[in-house]
Structures are given as C-alpha cells and as structure tokens.
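Enquirer: So the working numbering is basically just the index in the sequence shown, starting at one, shifted up by 25.
The beta-carbon is built from N, C-alpha and C at its ideal position, and this holds for glycine as well.
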Amino acid sequence: MPHDIILVLDTWILCGIVAFMFIREIQKKNPNSSKVFISHRLIESVRTPRGPRQRVVINLGQLDIPKENWKELANRIEDLLRGYESSTVPISVEIEALARHHTKQILRKQRSEKKETHVLENEQDFRNVDINAVSSSDGKSVGPEHAGLEAMKALGFFDLFRQLGFTDDESNLATLQIVGRLVHPGSERELRRYAKEQSALDELLGCNFSSSVGHNMLYHNSDLLFKHKETIERFLRMRSREIFSLGETIILYDLTNTYFSGSAAEYKKAKRGRSKQKRSDRPLVTLGLVLDERGFIKCSRIFDGNVGEPLTLVDMINDIHSQVSRETPPLLVTKPTIVMDAGIASEDNLALIKENGFSYIVVSRSKPEQIGNGSFEQIKEGIKIKEMHIGNETYLHCISDGKMKKEQALVNKARDAMKEEIEYLSEGLNIKRRLKSYPKVLERIGRLRQHYSRVSKGFAIDVKEQKGKAVTITWSFDPSKLGKPYDGSYFIRTDRMDLSKNEIWSLYIMLTSVEDAFRCLKGELGLRPIHHSKSDRIEGHLFISILAYHLLNYIRQHLRKAGINHRWDTVRSLLQTHIALSTHLPTADGKMVHLRYCSIPTPRQVEVYSALKITSTPLKRTKVEM
Numbered sequence: 026m027p028h029d030i031i032l033v034l035d036t037w038i039l040c041g042i043v044a045f046m047f048i049r050e051i052q053k054k055n056p057n058s059s060k061v062f063i064s065h066r067l068i069e070s071v072r073t074p075r076g077p078r079q080r081v082v083i084n085l086g087q088l089d090i091p092k093e094n095w096k097e098l099a100n101r102i103e104d105l106l107r108g109y110e111s112s113t114v115p116i117s118v119e120i121e122a123l124a125r126h127h128t129k130q131i132l133r134k135q136r137s138e139k140k141e142t143h144v145l146e147n148e149q150d151f152r153n154v155d156i157n158a159v160s161s162s163d164g165k166s167v168g169p170e171h172a173g174l175e176a177m178k179a180l181g182f183f184d185l186f187r188q189l190g191f192t193d194d195e196s197n198l199a200t201l202q203i204v205g206r207l208v209h210p211g212s213e214r215e216l217r218r219y220a221k222e223q224s225a226l227d228e229l230l231g232c233n234f235s236s237s238v239g240h241n242m243l244y245h246n247s248d249l250l251f252k253h254k255e256t257i258e259r260f261l262r263m264r265s266r267e268i269f270s271l272g273e274t275i276i277l278y279d280l281t282n283t284y285f286s287g288s289a290a291e292y293k294k295a296k297r298g299r300s301k302q303k304r305s306d307r308p309l310v311t312l313g314l315v316l317d318e319r320g321f322i323k324c325s326r327i328f329d330g331n332v333g334e335p336l337t338l339v340d341m342i343n344d345i346h347s348q349v350s351r352e353t354p355p356l357l358v359t360k361p362t363i364v365m366d367a368g369i370a371s372e373d374n375l376a377l378i379k380e381n382g383f384s385y386i387v388v389s390r391s392k393p394e395q396i397g398n399g400s401f402e403q404i405k406e407g408i409k410i411k412e413m414h415i416g417n418e419t420y421l422h423c424i425s426d427g428k429m430k431k432e433q434a435l436v437n438k439a440r441d442a443m444k445e446e447i448e449y450l451s452e453g454l455n456i457k458r459r460l461k462s463y464p465k466v467l468e469r470i471g472r473l474r475q476h477y478s479r480v481s482k483g484f485a486i487d488v489k490e491q492k493g494k495a496v497t498i499t500w501s502f503d504p505s506k507l508g509k510p511y512d513g514s515y516f517i518r519t520d521r522m523d524l525s526k527n528e529i530w531s532l533y534i535m536l537t538s539v540e541d542a543f544r545c546l547k548g549e550l551g552l553r554p555i556h557h558s559k560s561d562r563i564e565g566h567l568f569i570s571i572l573a574y575h576l577l578n579y580i581r582q583h584l585r586k587a588g589i590n591h592r593w594d595t596v597r598s599l600l601q602t603h604i605a606l607s608t609h610l611p612t613a614d615g616k617m618v619h620l621r622y623c624s625i626p627t628p629r630q631v632e633v634y635s636a637l638k639i640t641s642t643p644l645k646r647t648k649v650e651m
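1. CB V496 to CB K489, shorter than 7 Å?
2. Tell me, please, whether the CB atom of E69 is closer than 7 Å to any CB atom in chain B?
3. Measuring alpha carbon to alpha carbon, tell me which residue in R474, E452, F321 is nearest S265.
4. Around the Cβ of G407, are there at least 16 other Cβ atoms within 10 angstroms (buried) or fewer (exposed)?
5. Let me make sure I understand the geometry here. Which of Y420, L600, M429 has the alpha-carbon closest to that of I517?
6. Decide yes or no for the touch test of the segment 186 to 197 against the segment 516 to 530: beta carbon pairs closer than 8 Å, at least 3 of them.
7. For S462, which residues of its own chain have a beta-carbon under 8 Å away from its beta-carbon, when the five flanking residues on both sides are left out?
8. Quick check on the burial criterion: 16 or more other C-beta atoms within 10 angstroms. Buried or exposed for P355?
9. Can you name the start and end residues of the alpha helix (DSSP H) that C623 belongs to?
10. Bridge partners of Q491, per DSSP?
11. Are the segment 610 to 620 and the segment 215 to 235 touching by the rule of at least three beta carbon pairs closer than 8 Å?
12. Determine the burial state of Y109: buried for a count of at least 16 other Cβ atoms within 10 Å of its Cβ, exposed for fewer.
13. How long is the line joining the alpha carbons of A199 and K428, rounded to whole angstroms?
14. On the DSSP bridge assignment, give the partners of S166 in chain order.
15. Say the cut is 6 Å; is the CB of F62 nearer than that to a heavy atom of the ligand HEM?
16. Here's the rule: buried if 16 or more other CB atoms are within 10 angstroms of the residue's CB, otherwise exposed. What is V364?
17. Which one of Y533, L610, R562 has the shortest CA to CA distance from F151?
18. Going by C-alpha distance, which of L375, A225, P464 is nearest T519?
19. Taking a contact to mean a Cβ-Cβ separation below 7 Å, would you say G330 touches L314 in this structure?
20. Who pairs with N282 in a beta bridge, going by DSSP?
21. Please name the residue, chosen from K53, G86, Q135, that lies closest to V649 on a Cα-to-Cα basis.
22. Would you mind giving the Cβ-Cβ distance between S538 and L316, rounded to the nearest angstrom? I have them listed as a contact below 8 Å.
23. Tell me H422's beta-bridge partners as DSSP assigns them.
24. Check each candidate in P335, N398, D340 and name the one with the smallest Cα separation from S371.
25. With respect to the alpha helix (DSSP H) encompassing F183, which residues constitute its N-terminal and C-terminal limits?
26. Applying the criterion that 16 or more other CB atoms from any shown protein chain within 10 Å of the CB defines a buried residue, is I345 buried or exposed?
27. Kindly indicate which residue of D155, R597, K457, P626 has the alpha-carbon position closest to the one of A605.
28. Does the distance from the CB of G382 to the CB of K360 come in under 7 Å?
29. Per DSSP, what kind of secondary structure is H575 in: helix, strand or coil?
30. Quick one, are the C-beta atoms of E213 and H240 less than 7 Å apart?
31. Check I589 in the structure and name its three-state DSSP category.
32. Please state whether DSSP places P355 in a helix, a strand or coil.
33. Looking at C-alpha atoms only, which residue of K54, Y622, S641 is the closest neighbour of Q630?
34. Does the beta-carbon distance from H575 to L261 come in below 7 Å?
35. In its own chain, which residues sit with a C-beta less than 6 Å from the C-beta of L357, not counting the 5 before and 5 after it?
36. Whether or not the segment 152 to 170 and the segment 558 to 567 are in contact is what I'm after, with contact meaning three or more pairs of Cβ atoms, one per stretch, closer than 8 Å; do they touch?
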C-alpha cells in the first residue's frame, strides 16, 4: 500500500465514525459591484455519536467541469484517500487528473496539521535511509518566478498595492497575473493551470493558489488593476527614475496595433484597419506608448484600431505635459525632446509640439528641397550622415547599409512575386478554363499593380488582343523606373539647433527602444492575439502586459549592466530549470521524512541572480517528519 494512504487511514477510521464527501457551490456577491463570485468546496459529511456533522475538507477553487460530474469527482477523491489507486468504475482522464491533484492537496494539508514543519538552515540531521525507496515529487518552476517577484519588490509594487487598499488575496493575485504574464503568458485558463501545477510562485509568496484562482477572481483583479492605471503608471514612472537615475530630457513615442482572435463585437475600439502584423482580416486595437531613454514606459493609451497615427499625438502631448508640470519642481522644468517616427510627424503635430514648449527629433516625411553638396561622414560602420541647416531646423541626410539591404530585399521579393503572377496569367492564356477575356486580363493586371505598388512602376506590360481575348502577354522590368532610390536614405529633422549631428542621430536611434518594447509585448509577453471581447477584459489584458514589461525592463537593465545581453526568452529558459521539489526519505525506524527545497542552481543561473542582486536560494529548505 502506498505510504500516502497509510498517512490518512487514521483520519478516516475513527471509532466507527463513517464519512462521505460531496461538492458544494458557494456564491459570494461583491456589495460594491454586485458581481457574483463562484467557488467550490469539498465537504465531508460525518456521522458521529453526537449526530451528523459537516466540515470543509478543502477549497477547490472554481471548477470547470459540469455539475453532473461533481459527484464522480468527489467519489474518486474519496477512493484515492482510502487507498484505491485504480478506479472501480470507468472515469474520464480529466476527472482522474483533478482527483489526484486535489488529493495531493488534501494530503499536504493533513501532513502540515499533523506535524510541524521545520525550517532547515544549518541544522545537521543524520538518518539511516532506504535509498531504494527514495522518491521525489511536486517539481515546480522557481527561477523565473523568483526573478520576476524580486523585480516587483524592487519597483515597490507591494507598497503601492497596500496604499491602494488591496487585500492580501488581491495583492497575491495581481502578482500572479503580472509575473505569470512575464513567465508563462497565456489565457486565464492557462494561468490557472500554471499557478496550480507548474509554478512555485505561491510558495515564494507564502500563500496557496489552489483554491483562490478562479476566472471571476482573475477578472475582478484585472478590473481592479486597470481602475488604478494612472496611479500605478505614475508610481512606476517615479520609482524607475529613482532606481536608475533617469532624466526627463528625452521622450520616445510610437504606436502599434494588435488583433483579436474573435469579432470583439462588444468592444467599441475594435476596428478594422491597417494591421502592422498583416492581419487586416481581424479587428484591431491601437496601443500608444511613451518611453524614457532607458526603455521604461512612462504612460500608455489605447486608441481605436483604425485611428490615424497623427491624430493620437494630441492626447499623448496632454499626458506628457501633465507629467512634466506635476512631477518636476517648477524651478527645474526643462521640457523634454520628443522623438517619434514619420507616421506621426505631420506638420500640424510638429507645430503642436512647439506650442506646448517641447522640442522634437523625427524622421522627415519628405525630402528637403535643398539637400546640399557637402560630403558624408561615417559615424558608425554602415552609417553615413550629412548635416544641413534649413531655417530654424537641422536636417540629417542618413544612409544606412542595413536599411538599403532591407529595402532591396523587399523590392526583390515584390518584383519576383509580381513576375510570378504575370507568368501565371500568361500561361493561362493557353489553358482551358483559365482567364482569357481581354478586359478581365487588364483588370487583373491593374490589381497586381495596385497590390505590388512598390515595384509596379518598373514593369512594362503589353497585352495583345484578338477578338476580345488576350492572346499574348509580354513584360520587362527596369529598376530605374521605380522613382524612389532604394539606397538606405532617410532624413532626420529637429529643432534642436544646439546638438551636433552625432548627438541628433544617437537620440533618434533611441526610438528603437519603443520598437523593442512592442516586440517584447507581442512576442515574449503574449500581448497578441487578444482572446477577450468585453472592454474591461481587453483593457485589463493590455495593462497587465504593460506591467509585466516593467519587470522585464528592470531585469534587462540590471543584466546589461553586468554584461549579460540575452533576450528575456533566453533568460527565462535558462532559469526555468531551477525548480523547487519534494524528496521523500523512508528511514530505518519506519518514519518518512519529507524535504522541500530548491535544486542547486547552475553557474549560469547564479550569474543571472548575482546580476539581479538577489539570492540564488529562493526557498528555504523545510522538513516534515511523519
């Protein structure tokens, strides 16, 4: 008989007391929001000499199985506790897995109630152990969770939660949502599974997620975080500035959009538009970010999916203006320089920036009328610049080898694709049931020119017609007809006449920090696609992803300072092999010693922990003797 069963027999056979179990649904109504939160409990009904009694065995959280399966689950848990490893009746894989999961929780709870857990530090303890019967279980990831949790502590999240009036449960759930997005991005369902089965985050926090992580609870917490969005962003802005001694001289602004997995019919900002992920078949939402020079998000805003980029700047200018006026002592106010890409840099927006007392560094939307005859200077391998002064502005004519190669690759790809389409159309003139109508062929070629607008001017296409049908299609391609020279050229424009050309270029290149933030949000933090349809859920999802990015950037800043330049994906994978596990040691005197501890970190893991200035032993070793 398995040892776990021996541990609980004495709790069931108690002087003739008979017990059985069932599941009860509990509904609690939030008096402030009128929302109803549902959870489930495993109840033990006991016949005693003093009459029938009921007690809660364990909280099950919010069950996702149909009500008709509750009895089956309760019976299977009861069988496992009595030592029946195999079910006497057919049972689904899902019910069996749930039953075993909750049985482990019950056993763990009974052990802790029966014997005090001892924390082992430098304690020496020698036993005779049957090494053939030693086993390990409950291995859970602790490394990336430890890094994320310590980043939250350093940024002051928990002090902020207390200031906002969060309960301990709300604070712990918020930590799960933010760190979970950093470590294991996914849906709420996946987050619940991660919290209960894969992660040691609850052990690091000193709580138990097994019964407190339900869909409604997570949604409530998401709403709560978004409700305090402005306060949280302002707090993190000030905190990151203190930690890293950040200035207020440069502001980076850019936009991206992300798509929905469904129709998002309930969300008014979900609109069809030009998708930056080539997913115009889906409704979109646009996210605007303002970053400082070290890549920390100062504020964010959600726009309609089809919003014109220039139109967003008014709202962001107001946010920035408010920050500067409220957070900088009046005697030290120096309006920062706003760095942004060509899509936002309309003439009206540049005028708006100047009206509000800010300066700007942008990519010019058009080529200056006078580009000068001066020579180019190489400021970096593959980068040449030439400076020009036009009125009260400075222009930099920049030529990038990398940009040129990228442009040429895109041109070649579009050229080859259009050529293939024309050849397919030409071959079809001699094939039955393929397009031959002269007007239709011309219409198809017109659509091709529209679709491949980047290269269409370079194609000369001649269609011969006979009796209303196209009989031949000939073509040639001349790259000189494209008009725009794909030579890696772009023009940077600024009203900062006090800066050198090297300084202007270096400040503009900071804009890659925003692009990197978007890449991290969409890739490493699972921002896209959005699976929700309700506005509260969507905005909460976006905001939690932004909060997770604060942790990511905090970690990255410390790692870079230590010379570790890995992407977060790499660091996360490296730390995931650092786990918490339980080892069970049967002793010669018939007892069982259960040890809970962290695995020994690898040298590379220790290097990361050292760079983050955190311990390499996240959990203290504990012992339970039974």
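Expert: From the atom records:
1. Taking the first residue of the sequence shown as 1, we reach residue 496 at position 471. Taking the first residue of the sequence shown as 1, we reach residue 489 at position 464. Against a cut-off of 7 Å, the Cβ pair of K489 and V496 comes out as a contact.
2. Although the question refers to chain B, the structure presented lacks it and comprises just one protein chain.
3. Against the sequence shown, residue 265 aligns to sequence position 240. When each option's Cα is compared against that of S265, the closest is F321.
4. Taking the sequence shown and counting its residues from 1, the one referred to as residue 407 is at position 382. G407 comes out exposed.
5. To locate residue 517, count along the sequence shown from 1; it is residue 492. Minimum Cα distance to I517 is reached at Y420.
6. no
7. Within the sequence shown, residue 462 is the residue found at index 437, counting from 1. Correct list, in chain order: G493, K494, A495.
8. Along the sequence shown, read from residue 1 onward, the residue named residue 355 stands at position 330. Confidence at P355 is low in this model, with a pLDDT of 44, below 50, so the placement of that residue is unreliable and no value is reported for it.
9. Indexing the sequence shown from 1 puts residue 623 at position 598. Run containing C623: none in the alpha helix (DSSP H); it sits in the beta strand (DSSP E), 617 to 623.
10. Counting from 1 along the sequence shown, the entry for residue 491 is found at position 466. Q491 pairs with K494.
11. no
12. For the purposes of this step, residue 109 is identified with residue 84 of the sequence shown, where counting begins at 1. That one is exposed.
13. Mapped onto the sequence shown, residue 199 falls at position 174. Mapped onto the sequence shown, residue 428 falls at position 403. Roughly 42 Å between the two C-alpha positions.
14. For the purposes of this step, residue 166 is taken as the residue at position 141 of the sequence shown. Answer is S224, I604, bridged to S166.
15. As presented, the structure is devoid of all ligands, the ligand HEM included, so that no description of it is given.
16. Counted from its first residue, the sequence shown places residue 364 at position 339. V364 is buried by the Cβ-count criterion.
17. Reading the sequence shown from its first residue, position 126 is the one you call residue 151. Looking at the Cα atoms, L610 is the closest of the given residues.
18. Locating residue 519 in the sequence shown gives position 494, where the first residue counts as 1. Residue L375 is the option with its Cα nearest to T519.
19. Within the sequence shown, numbered from 1, the residue matching residue 330 stands at position 305. Within the sequence shown, numbered from 1, the residue matching residue 314 stands at position 289. Contact flag unset, no.
20. Reading the sequence shown from its first residue, position 257 is the one you call residue 282. Its beta-bridge partners are T311.
21. Within the sequence shown, residue 649 is the residue found at index 624, counting from 1. The residue with the shortest Cα to Cα distance from V649 is Q135.
22. Position 513 of the sequence shown, counted from the start, is the residue given in the question as residue 538. Position 291 of the sequence shown, counted from the start, is the residue given in the question as residue 316. Confirmed, Cβ separation roughly 6 Å.
23. Looking up residue 422 in the sequence shown gives position 397. DSSP lists K411, F516 as partners of H422.
24. Residue numbering aside, residue 371 sits at position 346 when the sequence shown is read from its first letter. Nearest option by C-alpha distance: P335.
25. Locating residue 183 in the sequence shown gives position 158, where the first residue counts as 1. Looking at the DSSP string, the run of the alpha helix (DSSP H) that includes F183 is 182 to 188.
26. Here residue 345 corresponds to residue number 320 of the sequence shown, with the count starting at 1. I345 comes out buried.
27. For the purposes of this step, residue 605 is taken as the residue at position 580 of the sequence shown. Comparing Cα positions, the closest option is P626.
28. Working through the sequence shown from its first residue, we reach residue 382 at position 357. Working through the sequence shown from its first residue, we reach residue 360 at position 335. Contact flag set, yes.
29. Your numbering for residue 575 matches position 550 in the sequence shown. H575: helix per DSSP, three-state reduction.
30. Here residue 213 is taken as the residue at index 188 of the sequence shown, counted from 1. Here residue 240 is taken as the residue at index 215 of the sequence shown, counted from 1. Going by C-beta atoms, E213 is nearer than 7 Å to H240.
31. Counting from 1 along the sequence shown, the entry for residue 589 is found at position 564. Note: I589 maps to coil in three-state DSSP.
32. To locate residue 355, count along the sequence shown from 1; it is residue 330. At P355 the pLDDT is 44, less than 50, meaning the model places this residue with poor confidence; the figure from the coordinates comes in the next sentence. Secondary structure at P355: helix, using DSSP grouped into helix, strand and coil.
33. Mapped onto the sequence shown, residue 630 falls at position 605. Checked all of K54, Y622, S641; the closest Cα to Q630 is S641.
34. Start at 1 with the first residue of the sequence shown, and residue 575 comes out as number 550. Start at 1 with the first residue of the sequence shown, and residue 261 comes out as number 236. Contact: yes.
35. The count along the sequence shown starts at 1 and reaches residue 357 at position 332. Summary for L357: the model assigns pLDDT 41, below 50, so the residue's position carries little reliability, and this model does not support an answer.
36. The segment 558 to 567 makes no contact with the segment 152 to 170; the number of CB pairs closer than 8 Å stays below 3.
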